[in-house]
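Heads up, the thing below is written out as structure tokens.
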Amino acid sequence: GDVLIRVLACGVCGTDLRIQAGEFLAESYPLIAGHEVSGRVEAVGRQVDNCTVGDIVAVNPNVSCGTCYWCLRGRPHLCPSMRAIGVALPGGFAEYLAAPARQVLVMPSDLAPEAAAMMEPVSCCVHGLDLAGITAGDPTVILGGGSIGLILLQLARHSGAAPLVVVEPLQAKRDLACSLGADVVIDPSGLCLEDLRRRIDEATAGGPQVVIEASGHEAAARVALGLPRRGGTVLFFGVQQPSLEIPLRPFDVYHNEITIRGAFTNPLTDSRARQVLAAGRVKVLPLISHRFPLEEIAAALDAVRAGSAVKAMVMP
Ligand SMILES: [Zn+2]
Ligand SMILES: [Zn+2]
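Take 35 as the starting number for the sequence shown in the numbering used here and just add one per residue.
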């Protein structure tokens, strides 16, 4: 029931840096990381009927058990036995990858391999958008203008978020946010959290309805809870340090009816991500700032660590 894939592109994600540093989810080393994979089908097992040799495919890396409490309730991403390709199982920083057929999704053949490899991050953002609950006319703030923030920006825009504000310290990423539909971009560099909150209040005429933390940075997590207007929502999407603690006033959550949510991975959203990419609703090629051959995987990880890369792709 497996599919042998010749890897064409594999995105480098912040998670890969965590895995390299030994601090995140990986069960054992050595490990071939890489969970944002596209490629061409080279061979299929006898029982495989969802793809054929030559197809361009993307891989949903998150393999859940299918039989536990959460899997049976349509929430496979919360499966305690979930193991991810490129995290616990061998991943896409390689020439070939074997994946179970049910994790493999045929992509439009005219999509660039780098764009097809963005299926996984886009599918996570589709889940995040579902949980953010944006309705047309909702003032929305996205903290972080990296590849995830810029995908969420485009999805939020199509949901009618208005105005749409992106907070990002790097000029190049702010420029990209503007070109992809942000109404206002704010440089948080040198602003204290109180000043940043004031700027966001001004930009949204009284505070955002929806706040999406998409940076994984501590300062963003700290500021996020104080941002929404009454009745608003804060969505934690970025991967924060597991040990980080931030103060919370339960009275404010109660009195202002603040909704606090987290969005983890991509439950049943991969085919929706394919539609989003196929129709060009989310532009991912402008996000790909760096391309590396497989031999330069270390340089690819360095580029992401330095923060200058929006999205780096390894292309074996
Ligand atoms: Zn990732
Ligand atoms: Zn399960």
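Ideal Cβ placement from N, Cα and C applies to all residues, glycine included.
From the options, residue whose alpha carbon lies closest to that of residue i
i: residue 329; options: 320, 315, 347; result: 347
i: residue 350; options: 43, 39, 37; result: 43
i: residue 175; options: 142, 319, 262; result: 262
i: residue 272; options: 210, 232, 295; result: 295
i: residue 141; options: 204, 131, 130, 153; result: 153
i: residue 36; options: 45, 97, 50; result: 97
i: residue 278; options: 256, 289, 288; result: 256
i: residue 171; options: 71, 210, 244; result: 244
i: residue 239; options: 264, 252, 225, 226; result: 264
i: residue 205; options: 57, 54, 226, 343; result: 343
i: residue 147; options: 61, 242, 181, 75; result: 75
i: residue 211; options: 226, 181, 233, 232; result: 181
i: residue 159; options: 283, 62, 193, 113; result: 193
i: residue 155; options: 53, 259, 87, 307; result: 307
i: residue 169; options: 242, 61, 116; result: 242
i: residue 116; options: 106, 99, 276, 125; result: 99
i: residue 49; options: 299, 224, 287; result: 299
i: residue 235; options: 252, 258, 253; result: 258
i: residue 41; options: 125, 105, 107; result: 125
i: residue 165; options: 203, 320, 270, 288; result: 270
i: residue 173; options: 123, 276, 216; result: 216
i: residue 323; options: 341, 309, 345; result: 345
i: residue 320; options: 203, 225, 209; result: 209
Bridge partners - residue i, DSSP secondary structure assignment
i: residue 39; result: 75, 131
i: residue 118; result: 96
i: residue 247; result: 177, 270
i: residue 285; result: Residue 285 pairs with nothing; no bridge assigned.
i: residue 346; result: 46, 324
i: residue 70; result: 45
i: residue 65; result: None; residue 65 has no bridge partner.
i: residue 220; result: 201
i: residue 123; result: 119
i: residue 139; result: 92
i: residue 293; result: 267
Rounded Cβ spacing between residue i and residue j (contact assumed at less than 8 Å)
i: residue 163; j: residue 196; result: That belief does not hold up - the Cβ atoms of residue 163 and residue 196 are roughly 15 Å apart, past 8 Å.
i: residue 214; j: residue 187; result: 6 Å
i: residue 51; j: residue 325; result: About 18 Å separates the two Cβ atoms, so there is no contact after all.
i: residue 292; j: residue 250; result: That belief does not hold up - the Cβ atoms of residue 292 and residue 250 are roughly 21 Å apart, past 8 Å.
i: residue 69; j: residue 118; result: 6 Å
i: residue 220; j: residue 233; result: 5 Å
Residue i vs residue j beta-carbon contact at 9 Å
i: residue 93; j: residue 133; result: yes
i: residue 268; j: residue 237; result: no
i: residue 109; j: residue 301; result: yes
i: residue 83; j: residue 143; result: no
i: residue 161; j: residue 77; result: no
i: residue 131; j: residue 38; result: yes
i: residue 177; j: residue 247; result: yes
i: residue 222; j: residue 199; result: no
i: residue 72; j: residue 128; result: no
i: residue 46; j: residue 185; result: no
i: residue 62; j: residue 304; result: no
i: residue 95; j: residue 79; result: no
i: residue 102; j: residue 85; result: no
i: residue 207; j: residue 167; result: no
i: residue 139; j: residue 91; result: yes
i: residue 135; j: residue 54; result: no
i: residue 183; j: residue 227; result: no
Meets three-Cβ-pair contact criterion under 8 Å: the region 312 to 320 and the region 329 to 342: Segment contact: the region 312 to 320 against the region 329 to 342, fewer than three CB-CB distances shorter than 8 Å; contact not assigned.
For ligand 3, residues whose Cβ lies under 5 Å from any non-hydrogen atom: Within the structure as shown, ligand 3 is missing, the only ligands being ligand 1 and ligand 2.
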